[in-house]
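Asks:
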Ligand code: UD1
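In our numbering, the protein residues as written are -14 to 418.
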């Protein structure tokens, strides 16, 4: 159990680099299975989800070595195509190994993936795409068996631009004979990163960033090097933290174009934002103006992952901000905790109305999911007094050195890994009511 102790009220000031992208790293790690030799990846964030992906690769027979932010994966010895439930359950992105295994071995056996509980997270679109490519897939009691099958290029139309289904389709298409067209594809920057990496491996892929992808062949190269792009949600998290607390933050080594919708609303809320190439500087007076409606949508729309973060930043804004969540049905899991801190959030179906309050007060909270937990930290930083956040490890799944990074910016907080934290938690709950 991780315990965050936050004493809110400090302004955030300073400069920091953005970590490598979690959501780009995970499909790229799965794609390493397509390389007959060694891949060198740079700027790989130290995250629990990344560790889970590396363990899956080792389980399948890869040799994995990490040196600082570099990871070397030698996939020459791949000797398995089954992933046990204990590894599958550790994250949602484990499902992307299905397309990669089909491309490498022509078969796969795995179970349903884990990940944040944000509502129904079916994989029907993943299976639809893989079946169009000729995969013979059976599902029974949570087990997915892809029988040995020869993949053939095909025309696939996704009825919704699912990021995961697009990634699975793209990976499997690299192992198919003939050309594949994927229409209705997701346009997220993580798809562009995966395309760039597949090209480095020898794939002929084009169209990433648009709704149509074309895969026309794959001539594997013996080795490849690649640098993971910056994490647009980690960048958005830090910007929302500074917006809500007040201060001045400069983020380096990122691509502000990837989170322009988040910048748009922060600007509308009263923050001053200056973008220059791979940097962005945000200045905030602390008390913001309400914005909205903020409607989550597939890229280039407002990211569902940033919804809890912007909500936390706007808790003390003047006026009423409106959010509409269109991607996941259970994506307001942060709301009860934000209310405990004094936030006024009214939920009505897919809509959330945030009426700005004068002040927030520290409280004892439990992290519910990765971005919801981050939102609680942001709200705690903007609250008066002490917030204790108990987290079963959600935050470590997606944020690298989050506590140190916030401390460097002036936040007053500590993070402890506890075996048994019952004592302090009961005490703090009593103190804060
Ligand atoms: C989603 C986000 C992505 C984010 C990631 C991590 C969108 C569109 N996608 O990707 O930007 O980085 O979470 O938090 O915002 N769906 C189906 N059947 C499927 C697959 C998905 O019905 O086979 C539905 C889901 O239930 C959900 C929506 O499609 O309502 C989005 O799913 P998808 O893009 O696949 O989710 P992730 O890949 O997890």
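For every residue, glycine included, the Cβ atom is placed at its ideal position computed from N, Cα and C.
All values derive from a computational prediction rather than experimental measurement.
What do you reckon, is the C-beta of residue 108 under 6 angstroms from a heavy atom of ligand 1?
Replies: Correct: residue 108 has its Cβ closer than 6 angstroms to ligand 1.
Asks: In this structure, how does DSSP classify residue 385 when only helix, strand and coil are distinguished?
Replies: Coil at residue 385, not helix or strand.
Asks: In this structure, does DSSP put residue -8 in helix, strand or coil?
Replies: DSSP places residue -8 in strand when its eight states are reduced to three.
Asks: Put residue 109 into one of helix, strand or coil per three-state DSSP.
Replies: Correct three-state label for residue 109: helix.
Asks: If we count the other Cβ atoms within 10 Å of its Cβ and call it buried at 16 or more, is residue 7 buried or exposed?
Replies: Per the 10 Å Cβ criterion, buried.
Asks: DSSP three-state call for residue -2: helix, strand or coil?
Replies: Three-state DSSP puts residue -2 in a strand.
Asks: Just to confirm the assignment: which complete beta strand (DSSP E) runs, minimum length 3, are found wholly within the segment 255 to 309?
Replies: The qualifying runs are 257 to 261, 264 to 269, 305 to 309.
Asks: If I measure Cβ to Cβ from residue 328 and keep anything under 6 angstroms in the same chain, skipping five residues before and after, which residues do I get?
Replies: Contacts found: 300.
Asks: Compute the distance between the beta-carbons of residue 90 and residue 60, then report whether it is under 7 angstroms.
Replies: No; because the gap between Cβ atoms is not below 7 angstroms, this pair is not in contact.
Asks: Check each candidate in 338, 58, 184, 68 and name the one with the smallest Cα separation from residue 87.
Replies: Nearest of 338, 58, 184, 68 to residue 87, Cα basis: 68.
Asks: Can we say the segment 264 to 273 touches the segment 128 to 146, given the rule of at least three CB pairs closer than 8 angstroms?
Replies: They do not touch, by the three-pair rule.
Asks: For residue 196 and residue 362, I'd like the C-alpha separation in whole angstroms.
Replies: Answer to the nearest angstrom: the Cα atoms are 36 angstroms apart.
Asks: Give me the Cα-Cα distance between residue 176 and residue 345, rounded to the nearest whole angstrom.
Replies: Computed Cα separation, rounded: 39 angstroms.
Asks: Spatial neighbours of residue 187 within its chain, please: C-beta separation below 7 angstroms, excluding the five flanking residues on both sides.
Replies: Hits under 7 angstroms: 203, 204, 205, 206.
Asks: In this structure, does DSSP put residue 376 in helix, strand or coil?
Replies: Looking at residue 376 - three-state DSSP - the assignment turns out to be strand.
Asks: Checking 7 angstroms against the spacing of the C-beta atoms, do residue 297 and residue 360 come in under that value?
Replies: Taking 7 angstroms as the Cβ cut-off, residue 297 and residue 360 qualify as a contacting pair.
Asks: Find the nearest neighbour of residue 113 within the set 277, 155, 364, 126, judged by alpha-carbon distance.
Replies: Nearest C-alpha to residue 113: 155.
Asks: When the Cα of residue 95 is compared with those of 9, 70, 259, which residue comes out closest?
Replies: Considering only alpha carbons, the answer is 70.
Asks: Taking a contact to mean a Cβ-Cβ separation below 7 angstroms, would you say residue 161 touches residue 137 in this structure?
Replies: Contact: yes.
Asks: DSSP three-state label for residue 120, please.
Replies: DSSP places residue 120 in coil when its eight states are reduced to three.
Asks: Using alpha carbons as the reference points, say which of 178, 16, 172, 151 lies closest to residue 165.
Replies: Residue 151 is the option with its Cα nearest to residue 165.
Asks: Give the straight-line distance between the Cα atoms of residue 391 and residue 232, rounded to the nearest whole angstrom.
Replies: In a straight line, the C-alpha of residue 391 is about 12 angstroms away from that of residue 232.
Asks: What did DSSP end up calling residue 413 once you bin it into helix, strand or coil?
Replies: Residue placement at residue 413 is flagged as unreliable, the pLDDT there being 43, under the threshold of 50; a coordinate-derived value is accordingly withheld.
Asks: Which residue comes first and which comes last in the alpha helix (DSSP H) that contains residue 246?
Replies: Residues 245 to 253.
Asks: Enumerate in chain order the residues of its own chain whose CB-to-CB distance from residue 409 is below 6 angstroms, with the five nearest sequence positions on each side excluded.
Replies: Note that residue 409 scores 48 on pLDDT, short of 50, meaning its location in the model is unreliable; the coordinates nonetheless yield the value given after this. Contacts found: none.
Asks: Among 285, 375, 331, which residue has its Cα nearest to the Cα of residue 355?
Replies: Ranking the options by Cα distance to residue 355, first place goes to 375.
Asks: Can you tell which of 140, 120, 108 has the C-alpha that lies nearest to the C-alpha of residue 149?
Replies: Of 140, 120, 108, the residue nearest in Cα terms is 108.
Asks: Short check: CB of residue -5 to CB of residue 263, under 7 angstroms?
Replies: Taking 7 angstroms as the Cβ cut-off, residue -5 and residue 263 do not qualify as a contacting pair.
Asks: Excluding the 5 residues preceding and the 5 following residue 240 in the sequence, name in chain order all residues of the same chain whose CB lies nearer than 7 angstroms to its CB.
Replies: These residues qualify, in order along the chain: 214, 215, 263.
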